[in-house]
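Colleague: Dumping the structure here so I can ask a few things about it.
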Amino acid sequence: MLSTSCRPLGLYKIPGRKCLDEICKLNLLEATQAARVAVIWNEHHKQFMQYWGRAISAEAYNALQPRLRQCPYFVIPVFRTKGLFNVVTNWDRDLIATAPLAEWQQKQDHAQPHMTIQFFTELARTKNLVLVRCEIKDNVFVRQDCVFITQMLLRYYSIPRLYESWVEVFNKHPNRFDYHMFLKNMKDEARRDDIRIEDKKTESRFDAYGPVIDIPPDAVAQEILRSASLDVSESNTANGHGDQAPT
172 MLSTSCRPLG LYKIPGRKCL DEICKLNLLE ATQAARVAVI WNEHHKQFMQ YWGRAISAEA
232 YNALQPRLRQ CPYFVIPVFR TKGLFNVVTN WDRDLIATAP LAEWQQKQDH AQPHMTIQFF
292 TELARTKNLV LVRCEIKDNV FVRQDCVFIT QMLLRYYSIP RLYESWVEVF NKHPNRFDYH
352 MFLKNMKDEA RRDDIRIEDK KTESRFDAYG PVIDIPPDAV AQEILRSASL DVSESNTANG
412 HGDQAPT
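Add 171 to the 1-based position in the sequence shown for our numbering, that's all there is to it.
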């Protein structure tokens with residue numbers, strides 16, 4: 172019913188936008204009860220270090236999609252044994268690309284994704300299910316990162332309080348985005364009490380392992396949004412719509 176897709180590249184396969192038919196026999200899923208489809212999808216992805224899968228309701232996705240469209244960028248801290256690093260996420264047509272912040276700062280939207288999260292809507296109408304698949308490209312991320320990033324994105328885009336306080340502010344009012352407080356909240360979400368986060372006004376932030384946190388300045392959010400605005404502007408100009416108001 173489910174199969175692997177794409178040719179292997181070492182231990183990994185190349186991630187990217189796919190159709191559900193490339194991963195499974197869609198006709199067999201169509202003939203299976205929705206609850207069973209969700210179990211099959213989740214259990215199948217537990218076999219591989221490169222993937223993580225889960226299912227959400229079509230209603231949940233329909234509530235999520237407008238928010239992803241309106242606020243396509245976000246930043247997520249990835250916690251490791253001795254600290255953390257930050258990743259930038261970027262939504263585009265049912266696919267979320269993920270790259271380390273340091274790499275994104277160098278290449279911006281030309282940075283290659285090291286992990287993707289895709290929403291498959293083929294069963295939304297018949298089964299009221301949207302299948303979610305997180306796919307790792309290389310050893311920048313591990314499966315635990317897959318789970319955490321996907322869960323946090325779903326959580327922060329779904330819960331109104333979190334979306335309005337963090338995601339919306341990051342995208343629409345980046346100068347008001349308090350990354351330091353956001354990181355404290357994320358540390359609590361990850362249950363990482365071992366990572367010490369000092370007051371943002373403190374000049375030195377070091378522990379036994381070096382810098383306590385990798386904090387991007389508030390300008391990072393502004394840089395992300397400015398880059399996105401330039402891309403849209405250039406696209407409109409190329410299409411002869413540079414003087415038209417956005418819809």
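Note that the Cβ used here is the ideal one computed from N, Cα and C, for glycine as well.
Which value, in whole angstroms, describes the spacing of the CA atoms of GLN322 and TYR232?
Modeller: If you take the alpha carbons of GLN322 and TYR232, they lie about 14 Å apart.
Colleague: Nearest-angstrom Cα distance between CYS242 and HIS344?
Modeller: 11 Å
Colleague: I want to know whether the region 260-276 touches the region 243-250 - three or more CB-CB distances under 8 Å.
Modeller: Touching, yes, given that three or more Cβ pairs across the two stretches are closer than 8 Å.
Colleague: Would ILE288 be called buried (16 or more neighbouring beta carbons within 10 Å of its own) or exposed?
Modeller: buried
Colleague: From ARG304, HIS216, ILE320 and GLN276, pick the residue whose C-alpha is nearest to that of LEU255; which is it?
Modeller: ILE320
Colleague: Using DSSP with H/G/I as helix, E/B as strand and the rest coil, what is ARG264?
Modeller: coil
Colleague: In terms of residue numbering, what span does the beta strand (DSSP E) encompassing VAL249 cover?
Modeller: 244-251
Colleague: By Cβ distance below 8 Å, which residues in the same chain neighbour LEU324 in space, the five residues on each side in sequence not counted?
Modeller: Excluding sequence neighbours, LEU324 sits near PHE245, ILE247, THR260, ILE267 and ILE288.
Colleague: Where DSSP assigns a beta bridge to VAL301, which residues make up the other side?
Modeller: ILE227
Colleague: In this structure, how does DSSP classify LEU333 when only helix, strand and coil are distinguished?
Modeller: helix
Colleague: Can you tell me which residues form a DSSP beta bridge with PHE219?
Modeller: Its beta-bridge partners do not exist; DSSP assigns none.
Colleague: Between LEU300 and SER228, is the Cβ-Cβ spacing less than 9 Å?
Modeller: Yes, the pair counts as a contact, with Cβ atoms nearer than the cut-off.
Colleague: If I measure Cβ to Cβ from LEU239 and keep anything under 8 Å in the same chain, skipping five residues before and after, which residues do I get?
Modeller: Sequence-distant partners of LEU239 (beyond 5 residues in either direction) whose C-beta falls short of 8 Å from its own C-beta, in its chain, are TRP262, ILE267 and TYR328.
Colleague: Below 8 Å on the Cβ atoms is my guess for VAL318 versus TRP223; work out the distance and round it to an integer in Å.
Modeller: 5 Å
Colleague: Mind checking ALA202: buried by the 16 CB within 10 Å criterion, or exposed?
Modeller: exposed
Colleague: Which two residues bound the contiguous alpha helix (DSSP H) that contains GLN276?
Modeller: 272-278
Colleague: Just checking, does the region 267-276 make contact with the region 344-354 on the three C-beta pairs under 8 Å criterion?
Modeller: no
Colleague: Can you grab the Cα-Cα spacing for the pair LYS217 / LEU333, in whole Å?
Modeller: 29 Å
Colleague: Tell me whether GLN283 is buried or exposed, calling it buried when 16 or more other Cβ atoms sit within 10 Å of its Cβ.
Modeller: exposed
Colleague: Quick check on the DSSP output: the beta strand (DSSP E) that includes PHE348 runs from which residue to which?
Modeller: If you look at PHE348, you'll find it isn't in any beta strand (DSSP E); DSSP assigns it neither H nor E.
Colleague: Note down, in chain order, each residue of its chain lying with its Cβ closer than 6 Å to the Cβ of ALA295, except the 5 sequence neighbours on either side.
Modeller: ALA229 and VAL301
Colleague: Starting from the C-beta of ARG207, find all residues in its chain whose C-beta is less than 8 Å away, skip the five residues before and the five after it, and write them out in chain order.
Modeller: none
Colleague: Between the C-alpha atoms of ASP309 and HIS285, what's the straight-line distance to the nearest angstrom?
Modeller: 6 Å
Colleague: Let's test the definition: count the other Cβ atoms within 10 Å of the Cβ of ASP359 and tell me whether it reaches 16, buried, or not, exposed.
Modeller: Exposed, by the Cβ-count rule.
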